[in-house]
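*Asks:*
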């Protein structure tokens, strides 16, 4: 843990090493409103970054902009010093559970195999190594025995793990996870966190949006506090100050005996639907 | 022997042989592409595209152009129009479809009723005239049908990902817009070649019912397409024989046959069927 943390900090300091992910002056508007305003930050090699903010703070918007789904109004996003789209299959995205059509007739294996489609040519069939990679990803998340089940038959935690294994099968450089800890069981949450640790050892950068401030401060190297614009960015200790939390959450945050309590009663609304 | 006679007698007429072949091809085709219609909730859009065929045919007739081409263009114009109206959420998609659907149908009726010399009966476009299939029609159906089936097979992965998870499609740098539009074009082609057998009034049922039936029976898209295609082809044959013996409209007989199969499956499907549900209580 300590050595990994040290490495990600050094990578950030080294001037000749381009950051894996660079967001500069990004503005995104949605339905005439600015969903993200003048956002600039850099993420180093293999960092584990929690993206925290109130509902409709632009977390999902940021992720969708990072995979090129939403056009930028201004600013730019670079990966490995090159504009978005220059690296195929560089970014994997684990959607929020509500965004998936669970009634679609696909099996667990089918969904994870989709993660390999990017590496295959237009008319190429899946190769034995694709199949092996799919099975390995399934095993890593402990759902290999569910491979032939339809996704609609699974529990919420199992469904989450299907999409985590798909992200793994994509062999990404950057992994984006939108609220992966909302409404899942403890085992799945730990499986997701284990996966993040494993990926960090392979220099994969992970950005995870979460409502859970405790989780963000205990299990992540860095935190991006967001509310349409960047409120703070740095280590959890630097970011989670009463001042910053008030600026991000406004009246939703309460301080009781030096402990910040954030009131977020309602499930996150999807910012795009 | 009597049953065999009942099956074989109609087959001695060439026009019935052609009708059977056309109905079989259209039944399979509608049912296979119908899987995407059902899974992507495009049933209403398919219906609107089918009714747009009406003014398309009339305009093509007035301009002295190919009727099939006119029908195809009109179906695509409506599909694109729905996309335009519902762009950026200005109008909800089903509302946009409702507006264009009624407009296309009305325009078709106005145009066709104003052409006094028009040789083709309106009811043939609406309800199909499977026994009037010429051998040129048959060839056209076979060629366009093969193009549609081959495209569905060839771009299986693209259509699957674009339909199931457009976000993944975007991260894999698939051309989401291109494949969505290609699917619309294939759907329009299917509707146009179904015009003569089931008619535009009933093609939506052929796009939806067999696929909805198959959905209740399987858990993977490729098997859903196979089962749906089989149900569609089988219904076409049964429906056509029924229409011959009962002397009723062929399109309606075909659609009612698929509906009967749907109801049986809905009641008795393994595990999911309503009857088992009630029995468990």
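Chains as they are written, first to last, in the working numbering: chain A, 1 to 273; chain B, 1 to 281. We put the CB at the ideal spot given by N, CA and C, even for glycine. The model shown is predicted, which means the values in this text are computed figures rather than measured ones.
Provide the residue span of the alpha helix (DSSP H) that contains residue 198 of chain A, from first to last.
*Replies:* Unbroken alpha helix (DSSP H) run through residue 198 of chain A: 186 to 201.
*Asks:* Using 10 angstroms around the beta-carbon of residue 108 of chain A, count the other beta-carbons present and answer buried if the total reaches 16, otherwise exposed.
*Replies:* The residue in question, residue 108 of chain A, is buried, as its Cβ has 16 or more Cβ neighbours within 10 Å.
*Asks:* Reducing DSSP to helix, strand and coil, say where residue 160 of chain A ends up.
*Replies:* Residue state, collapsed to three classes: helix.
*Asks:* Note down, in chain order, all residues in the region 196 to 221 of chain B with a beta-carbon under 8 angstroms from any beta-carbon belonging to chain E.
*Replies:* Absence of chain E from the displayed structure is noted, the protein chains being A and B.
*Asks:* Restricting to Cα atoms, I'd like to know which of B:60, B:87 and B:20 is closest to residue 233 of chain B.
*Replies:* Nearest option by C-alpha distance: B:20.
*Asks:* By how many angstroms is the C-alpha of residue 176 of chain B removed from the C-alpha of residue 208 of chain A?
*Replies:* Distance between the alpha carbons of residue 208 of chain A and residue 176 of chain B: 25 angstroms.
*Asks:* According to DSSP, what are the bridge partners of residue 234 of chain A?
*Replies:* Residue 234 of chain A is bridged to A:223.
*Asks:* What's the gap between the Cα of residue 150 of chain B and the Cα of residue 252 of chain B?
*Replies:* Their backbone Cα atoms lie some 28 angstroms apart in a straight line.
*Asks:* Identify whether residue 95 of chain A lies in helix, strand or coil by the three-state DSSP scheme.
*Replies:* In this structure, residue 95 of chain A counts as coil in the three-state DSSP scheme.
*Asks:* Considering only C-alpha positions, which residue in the set A:173, A:184, A:193 and A:118 is nearest to residue 157 of chain B?
*Replies:* Nearest option by C-alpha distance: A:118.
*Asks:* Excluding the 5 residues flanking residue 159 of chain A on each side, which residues of the same chain have their C-beta closer than 8 angstroms to its C-beta?
*Replies:* Within the same chain, residue 159 of chain A has close Cβ partners 97, 100, 102 and 151.
*Asks:* Could you name the residues of the region 143 to 165 of chain B whose beta carbon sits closer than 9 angstroms to any beta carbon of chain A, in the order they occur along the chain?
*Replies:* Flagged, chain order: 154, 155, 157, 158, 160, 161, 163, 164 and 165.
*Asks:* Taking the alpha-carbon positions, what's the residue 81 of chain A to residue 243 of chain A distance?
*Replies:* For residue 81 of chain A and residue 243 of chain A, the distance between alpha carbons rounds to 34 angstroms.
*Asks:* Specify the secondary structure class of residue 11 of chain A as computed by DSSP and reduced to three states.
*Replies:* Residue placement at residue 11 of chain A is poorly supported in this model, since its pLDDT is 42, which falls under 50; the coordinates still yield a value, given next. It is helical.
*Asks:* Tell me the residue span of the alpha helix (DSSP H) that contains residue 57 of chain B.
*Replies:* Here the alpha helix (DSSP H) through residue 57 of chain B covers 43 to 63.
*Asks:* Which residue marks the beginning of the alpha helix (DSSP H) containing residue 213 of chain B, and which one marks its end?
*Replies:* First-last of the alpha helix (DSSP H) with residue 213 of chain B: 203 to 215.
*Asks:* With DSSP run on the structure shown, which of helix, strand or coil describes residue 26 of chain A?
*Replies:* Reduced to three states, the DSSP call for residue 26 of chain A is strand.
*Asks:* Quick one: measure Cβ to Cβ for residue 186 of chain B and residue 231 of chain B, integer angstroms, because I've assumed they're closer than 8 angstroms.
*Replies:* Going by Cβ atoms, the distance from residue 186 of chain B to residue 231 of chain B rounds to 20 angstroms, so no, they are not a contact pair.
*Asks:* Residue 33 of chain A by DSSP, collapsed to three states: which one?
*Replies:* Residue 33 of chain A falls in the strand class under three-state DSSP.
*Asks:* With residue 63 of chain A and residue 230 of chain A assumed to form a contact (beta carbons below 8 angstroms), what rounded beta-carbon distance in angstroms separates them?
*Replies:* So it is not a contact: roughly 15 angstroms between Cβ atoms.
*Asks:* Suppose you measure from the CA of residue 31 of chain B to the CA of residue 249 of chain A; what does that come to, to the nearest Å?
*Replies:* Spanning the two alpha carbons is a distance of roughly 52 angstroms.
*Asks:* Helix or strand or just coil, what does DSSP make of residue 137 of chain B?
*Replies:* Residue 137 of chain B: helix per DSSP, three-state reduction.
*Asks:* Report yes if the C-beta distance between residue 105 of chain A and residue 215 of chain B is below 9 angstroms; otherwise report no.
*Replies:* Yes; because the gap between Cβ atoms is below 9 angstroms, this pair is in contact.
*Asks:* With DSSP as the reference, please indicate the residues paired to residue 207 of chain A in a beta bridge.
*Replies:* According to DSSP, which records beta bridges pairwise, residue 207 of chain A is partnered with A:49 and A:176.
*Asks:* Leaving out five residues before and five after residue 83 of chain A in sequence, what residues of the same chain have Cβ atoms less than 8 angstroms from its Cβ?
*Replies:* Hits under 8 angstroms: 76 and 77.
*Asks:* Going by the CB atoms, is the gap between residue 58 of chain B and residue 132 of chain B shorter than 9 angstroms?
*Replies:* Not closer than 9 angstroms, so no.
*Asks:* Could you tell me which whole alpha helix (DSSP H) segments of length 4 or greater appear in the region 163 to 199 of chain B?
*Replies:* If we require 4 residues or more, the alpha helix (DSSP H) runs fully inside the region 163 to 199 of chain B come out as 166 to 171 and 176 to 194.
*Asks:* I'd like to know whether the C-beta atoms of residue 164 of chain B and residue 179 of chain B end up nearer to each other than 9 angstroms.
*Replies:* No, the pair does not count as a contact, with Cβ atoms beyond the cut-off.
*Asks:* In its own chain, which residues sit with a C-beta less than 7 angstroms from the C-beta of residue 38 of chain A, not counting the 5 before and 5 after it?
*Replies:* The answer, listed in chain order, is 25, 27 and 229.
*Asks:* For residue 99 of chain A and chain B, any beta-carbon pair shorter than 9 angstroms?
*Replies:* Interface residue, yes.
*Asks:* My assumption, with CB atoms under 8 angstroms, is that residue 206 of chain B sits in contact with residue 27 of chain B. Please give the rounded CB distance.
*Replies:* About 7 angstroms separates the two Cβ atoms, so the contact holds.
*Asks:* On the premise that residue 253 of chain A lies in contact with residue 240 of chain A, defined as a C-beta separation below 8 angstroms, what is that separation, rounded to the nearest angstrom?
*Replies:* About 11 angstroms; that fails the 8 angstroms criterion.
*Asks:* Going along the region 118 to 129 of chain A in order, which residues come within less than 7 angstroms of chain B, judged by CB to CB distance?
*Replies:* Answer in chain order: 118 and 123.
*Asks:* Just confirm the distance between the C-beta atoms of residue 46 of chain B and residue 73 of chain B, as a whole number of angstroms; I'd bet it's less than 8 angstroms.
*Replies:* Between residue 73 of chain B and residue 46 of chain B the Cβ distance is about 17 angstroms, and since that is not below 8 angstroms, they are no contact.
*Asks:* Report the residue ranges of all alpha helix (DSSP H) runs contained in full by the region 70 to 101 of chain B; include only those spanning at least 4 residues, in chain order.
*Replies:* For the region 70 to 101 of chain B, not a single whole alpha helix (DSSP H) run of length 4 or above is found.
*Asks:* Measuring CA to CA, which of A:36, A:173 and A:141 is closest to residue 202 of chain A?
*Replies:* Of A:36, A:173 and A:141, the residue nearest in Cα terms is A:173.
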